[in-house]
Amino acid sequence: MAHSHSQASLGLTQPTSVEPIKVSFTVKDIDVTEWTGDLLAVGVTEKDLSKDDNMKFENSILKGLDSQLGGLLAEASVEEDFTGKAGQSAIFRLPGLGCKRIGLIGLGSESPSLAAYRGLGEALATAAKAAQARATAVFLASSEGLSAESKLNTVSAIVSGTILGVHEDNRFKSESKRPLLQFVDIVGLGTGLDLEKKLKSVEDTCSGIIFGRELVNAPANVLTPGVLAEEASKIASMYSDVLSAKILNVEQCKELKMGSYLAVGAASANPPHFIHLCYKPRGPVKARLGLVGKGLTFDSGGYNIKTGPGCSIELMKFDMGGSAAVLGAAKAIGQIKPAGVEVHFIVAACENMISGTGMRPGDIVTASNGKTIEVNNTDAEGRLTLADALVYACNQGVEKIIDLATLTGACVVALGPSIAGVFTPYDALAKEVFSASEATGEKLWRMPLEESYWDSMKSGVADMVNTGGRQGGSITAALFLKQFVDEKVQWMHIDMAGPVWNEKKRSATGFGVSTLVEWVLKNSTS
Ligand code: BES
Ligand code: MN
Ligand code: ZN
-18 MAHSHSQASL GLTQPTSVEP IKVSFTVKDI DVTEWTGDLL AVGVTEKDLS
32 KDDNMKFENS ILKGLDSQLG GLLAEASVEE DFTGKAGQSA IFRLPGLGCK
82 RIGLIGLGSE SPSLAAYRGL GEALATAAKA AQARATAVFL ASSEGLSAES
132 KLNTVSAIVS GTILGVHEDN RFKSESKRPL LQFVDIVGLG TGLDLEKKLK
182 SVEDTCSGII FGRELVNAPA NVLTPGVLAE EASKIASMYS DVLSAKILNV
232 EQCKELKMGS YLAVGAASAN PPHFIHLCYK PRGPVKARLG LVGKGLTFDS
282 GGYNIKTGPG CSIELMKFDM GGSAAVLGAA KAIGQIKPAG VEVHFIVAAC
332 ENMISGTGMR PGDIVTASNG KTIEVNNTDA EGRLTLADAL VYACNQGVEK
382 IIDLATLTGA CVVALGPSIA GVFTPYDALA KEVFSASEAT GEKLWRMPLE
432 ESYWDSMKSG VADMVNTGGR QGGSITAALF LKQFVDEKVQ WMHIDMAGPV
482 WNEKKRSATG FGVSTLVEWV LKNSTS
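Numbering (my numbering), first residue to last: -18 to 507.
Right under this line is the structure:
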């Protein structure tokens, strides 16, 4: 991450730049009993573990492995009470064989979900870390029943689980160990061009997810709006054959009359930067899409400062999670280079702070579509920035727009920490996005855009206020955004306030990237 611009290096912290870990995946059709290396991971279902009267596996692959190991596998799986449940794993050290360790990894029921295969990849990464393994292989005890298409999806899930499981964000630790895992052979799930093409696109998507995670994890004293803009520009210059960047400064945003956005950033010593990346494919364009992300590098709440237990002010560096999803998707799309689709990536980046130049509760601001807003709460700042970003996006000639934002605590109350809320009047668009999210495993739930709730957003002096009451808070926020979208554009809002952050890992998830990429690919012609 760059150092120039902004309130220079407050706290003297700079991320160490670590070379990204490159795990190389190879699809192979070999006899697993002949594989040599550090760790062989076997995905098994509960059914695969069933044994005959002589305590021998009925599954032919497990039986083969077990007889090579003199019955150790059958014995140990009983002793360790390994039943094949999803999330279970048992690793055994093998003496004097070509393969140092064998790991049984549970996939759960008879026809495992993609989530179970992602879990298999994660378990492989965890086991490899614990055993300091470099060369590994993974295969399934039963894969005969799988169609060619489900083999593709299975391999994708395993590979993304492994890559994301290996990744640890150590940029801000003064000391850290690098994972050793280098090779993963994927055995018995097919070979060929289709699979290799899919592998490449999974790797590209994961690099976008990791980039998104790192943006969110970076604290607000390092990742200012200016640095976020620089990171976006770097992505564009890295894939300059298809991506271009335009960064607007405060003066240029003023010319575009973005009064709502600029008011939010007005208190900060780190000036706003409006980010617009454009992906243009080679060849003709059939569809034009807009992706808009909330980009608050920090949200103090402003004069309506976040106070009290549970307000999570110390986590509000993650309030640019929407922009991380959008820029992570840009990085992936820049590498995958899908045909027939143009994509605009838009972020109105700024910081919500307190100072004599900041907006006050009660101020009336004017957005770039001319609508006036009475700011009855400075902590409802995300929607103020998105208002001008959505107006700008609609002016790019796009047919569809998705915005992503860590917009409301109310959405976390409604759906919990791992499900994002989806708001759209357009059923066809909802269908596209839900089918994309089924492939990626990101959890979405459709919420109502109840127009009658707009009543609470009426102002006595301006066109609207920026917050309604406590009730239905994520719905009134979505209705607010709708005021800034062209009727001609199909629009969806995703409130990702919950899933942006993994509380247990104390780290960002990269939520949104994979579903956005999948959706863009669905709209492409390649
Ligand atoms: N960034 C917050 C939303 C948020 C809160 C995300 C908690 C993740 C966890 C947003 O800017 C905000 O402060 N929203 C207010 C809106 C309210 C003032 C109407 C909220 O949710 O409390
Ligand atoms: Mn806020
Ligand atoms: Zn916010």
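Cβ atoms here follow ideal geometry from the backbone N, Cα and C, with glycine treated the same way. Remember, predicted model here, so these are calculated numbers, not experimental data.
Checklist entry - Just to check, is the beta-carbon of Asn358 closer than 7 Å to a non-hydrogen atom of the ligand BES? => result Sequence index remark: in the sequence shown, residue 358 carries index 377 (1-based). Checking every heavy atom of the ligand BES against the Cβ of Asn358, one is found closer than 7 Å.
Item to check | Residues of its chain near His(-16), where Cβ-Cβ distance is below 7 Å and the 5 sequence neighbours each way are ignored | outcome: Here residue -16 is taken as the residue at index 3 of the sequence shown, counted from 1. Residue confidence for His(-16) is low, a pLDDT of 47 falling below 50, so the modelled location carries little weight and cannot support an answer.
Item to check | Boundaries (first-last residue) of the beta strand (DSSP E) holding Tyr284 | outcome: Stepping through the sequence shown from its first residue, residue 284 is reached at position 303. Per DSSP, Tyr284 belongs to no beta strand (DSSP E) and is neither H nor E.
Next on the checklist: Output needed for Met438: all residues of its chain with C-beta closer than 7 Å, excluding positions within five of it in sequence on either side, in chain order.
Outcome noted: Reading the sequence shown from its first residue, position 457 is the one you call residue 438. Answer for Met438: Met445, Val446, Gly449, Thr457, Leu460 and Phe461, listed in chain order.
Checklist entry - Taking just the CA atoms, how far does Lys381 sit from Lys215? => result Along the sequence shown, one-based indexing puts residue 215 at 234. Along the sequence shown, one-based indexing puts residue 381 at 400. Spanning the two alpha carbons is a distance of roughly 26 Å.
Checklist entry - Where Ile228 and Asp476 are concerned, what is the direct C-alpha to C-alpha distance, given to the nearest angstrom? => result Here residue 228 corresponds to residue number 247 of the sequence shown, with the count starting at 1. Here residue 476 corresponds to residue number 495 of the sequence shown, with the count starting at 1. So the two alpha carbons sit approximately 25 Å from each other.
Item to check | Candidates Gly169, Lys44, Pro206 and Glu432, of which the one nearest Gln464 by Cα | outcome: The residue given as residue 464 occupies position 483 in the sequence shown. It is Glu432 whose Cα lies nearest to the Cα of Gln464.
Checklist entry - Sorted by chain position, which residues of the same chain lie with C-beta nearer than 7 Å to Gly18's C-beta, five sequence neighbours on each side aside? => result Taking the first residue of the sequence shown as 1, we reach residue 18 at position 37. Here the set comprises Cys80, Ala116, Thr117 and Ala118.
Next on the checklist: Here's a check: name, in chain order, each residue in its chain whose Cβ is nearer than 8 Å to the Cβ of Lys287, leaving out the five neighbours to either side.
Outcome noted: The sequence position of residue 287 within the sequence shown is 306, counting from 1. Counting only Cβ-Cβ distances below 8 Å, and skipping sequence neighbours, we find Asp280, Ser281, Ser293, Ile294, Met297 and Asp360.
Checklist entry - Looking at the unbroken beta strand (DSSP E) that takes in Ser5, where does it start and where does it end? => result Start at 1 with the first residue of the sequence shown, and residue 5 comes out as number 24. Residues Ser5 to Lys9.
Checklist entry - Taking buried to mean at least 16 other C-beta atoms within 10 Å of its own C-beta, is Pro429 buried or exposed? => result The residue labelled residue 429 in the question sits at position 448 within the sequence shown. So Pro429 counts as exposed.
Checklist entry - Just checking my contact of Glu211 with Tyr260 at CB under 8 Å: how many whole Å lie between their CB atoms? => result Position 230 of the sequence shown, counted from the start, is the residue given in the question as residue 211. Position 279 of the sequence shown, counted from the start, is the residue given in the question as residue 260. At roughly 19 Å, the Cβ-Cβ gap does not stay under 8 Å, so Glu211 and Tyr260 are not in contact.
Next on the checklist: Quick check on this structure: which residue in His148, Ala67, Phe164 and Leu258 has the alpha carbon closest to the alpha carbon of Ser157?
Outcome noted: Within the sequence shown, the letter at position 176 stands for residue 157. The residue with the shortest Cα to Cα distance from Ser157 is His148.
Checklist entry - By how many angstroms is the C-alpha of Val231 removed from the C-alpha of Ala199? => result Stepping through the sequence shown from its first residue, residue 199 is reached at position 218. Stepping through the sequence shown from its first residue, residue 231 is reached at position 250. Whole-angstrom Cα-Cα distance: 24 Å.
Checklist entry - From Ile335 to Gly283, what distance separates their C-alpha atoms? => result Taking the first residue of the sequence shown as 1, we reach residue 335 at position 354. Taking the first residue of the sequence shown as 1, we reach residue 283 at position 302. Distance between the alpha carbons of Ile335 and Gly283: 5 Å.
Checklist entry - Roughly how many angstroms lie between the CA atoms of His(-14) and Ala330, to the nearest whole one? => result Along the sequence shown, read from residue 1 onward, the residue named residue -14 stands at position 5. Along the sequence shown, read from residue 1 onward, the residue named residue 330 stands at position 349. Because the pLDDT at His(-14) is just 49, under 50, the model does not fix this residue reliably, and the value given afterwards should be weighed accordingly. Looking at the two C-alpha atoms, the distance is approximately 14 Å.
Item to check | Pairwise C-alpha distance: Glu355 and Ser182 | outcome: Locating residue 182 in the sequence shown gives position 201, counting from the first residue. Locating residue 355 in the sequence shown gives position 374, counting from the first residue. In a straight line, the C-alpha of Ser182 is about 45 Å away from that of Glu355.
Next on the checklist: Does the contact criterion of 3 or more C-beta pairs under 8 Å hold for the region 367 to 377 versus the region 465 to 474?
Outcome noted: yes
Next on the checklist: On the criterion of 16 or more Cβ atoms from any shown chain inside 10 Å, does Val168 qualify as buried, or is it exposed?
Outcome noted: If you number the sequence shown from 1, residue 168 lands on position 187. With 16 or more other Cβ atoms within 10 Å, it is buried.
Checklist entry - So the alpha helix (DSSP H) Met219 belongs to, where does it begin and stop? => result Counted from its first residue, the sequence shown places residue 219 at position 238. Per DSSP, Met219 belongs to the alpha helix (DSSP H) from Pro206 to Met219.
Next on the checklist: Determine whether the beta carbon atoms of Gly309 and Gly189 lie at a separation below 8 Å.
Outcome noted: Taking the sequence shown and counting its residues from 1, one reaches residue 309 at position 328. Taking the sequence shown and counting its residues from 1, one reaches residue 189 at position 208. Against a cut-off of 8 Å, the Cβ pair of Gly189 and Gly309 comes out as a contact.
Checklist entry - Taking 7 Å as the cut-off, does the CB of Asp150 come closer than this to any heavy atom belonging to the ligand MN? => result Here residue 150 refers to the residue found at position 169 when the sequence shown is read from its first residue. Asp150: no, Cβ never under 7 Å from the ligand MN.
Checklist entry - Who are the near neighbours of Leu54 in its chain, counting only those whose CB is closer than 8 Å to its CB and skipping five residues on each side? => result Your numbering for residue 54 matches position 73 in the sequence shown. Phe38, Leu43, Leu46, Asp47, Phe73, Ile83 and Leu85.
Checklist entry - Cβ-heavy atom distance between Thr278 and the ligand ZN below 7 Å? => result Start at 1 with the first residue of the sequence shown, and residue 278 comes out as number 297. Answer for Thr278: no, Cβ out of range of the ligand ZN.
Checklist entry - Just reading off the alpha helix (DSSP H) that Asp150 is part of, what are its end residues? => result What you label residue 150 is simply residue 169 of the sequence shown in a count that begins at 1. No alpha helix (DSSP H) holds Asp150; DSSP gives it neither H nor E.
Next on the checklist: Using a Cβ-Cβ cutoff of less than 6 Å, which residues in the same chain neighbour Gly24 once the five nearest sequence positions on both sides are dropped?
Outcome noted: Looking up residue 24 in the sequence shown gives position 43. Cβ neighbours of Gly24 beyond the five flanking positions: Ile86, Leu88, Leu101 and Leu121.
Checklist entry - Does any heavy atom of the ligand BES sit closer than 7 Å to the C-beta of Val300? => result Sequence index remark: in the sequence shown, residue 300 carries index 319 (1-based). The question names Val, yet the displayed sequence has Asp at residue 300. Asp300: yes, Cβ under 7 Å from the ligand BES.
Next on the checklist: I'd like to check one pair, Leu133 with Lys179: are the Cβ atoms closer than 8 Å?
Outcome noted: Locating residue 179 in the sequence shown gives position 198, counting from the first residue. Locating residue 133 in the sequence shown gives position 152, counting from the first residue. Result yes, Cβ atoms of Lys179 and Leu133 sit closer than 8 Å.
Checklist entry - Can you find at least 3 beta carbon pairs, one from the region 335 to 347 and one from the region 268 to 277, that sit closer than 8 Å? => result no
Checklist entry - Between which two residues does the beta strand (DSSP E) harbouring Arg451 extend? => result Residue 451 sits at position 470 when you count from the first residue of the sequence shown. Counting along the chain, Arg451 falls outside any beta strand (DSSP E), and DSSP gives it neither H nor E.
Next on the checklist: Can you check which of these residues, Glu423, Pro480, Gly351 and Arg427, is closest to Arg99 by C-alpha distance?
Outcome noted: The count along the sequence shown starts at 1 and reaches residue 99 at position 118. Closest option to Arg99, Cα to Cα, is Glu423.
Next on the checklist: Is Gly274 close to the ligand ZN? I mean its beta-carbon at under 7 Å from any heavy atom of the ligand.
Outcome noted: Numbered from its first residue, the sequence shown carries residue 274 at position 293. It does not: the Cβ of Gly274 is nowhere closer than 7 Å to a heavy atom of the ligand ZN.
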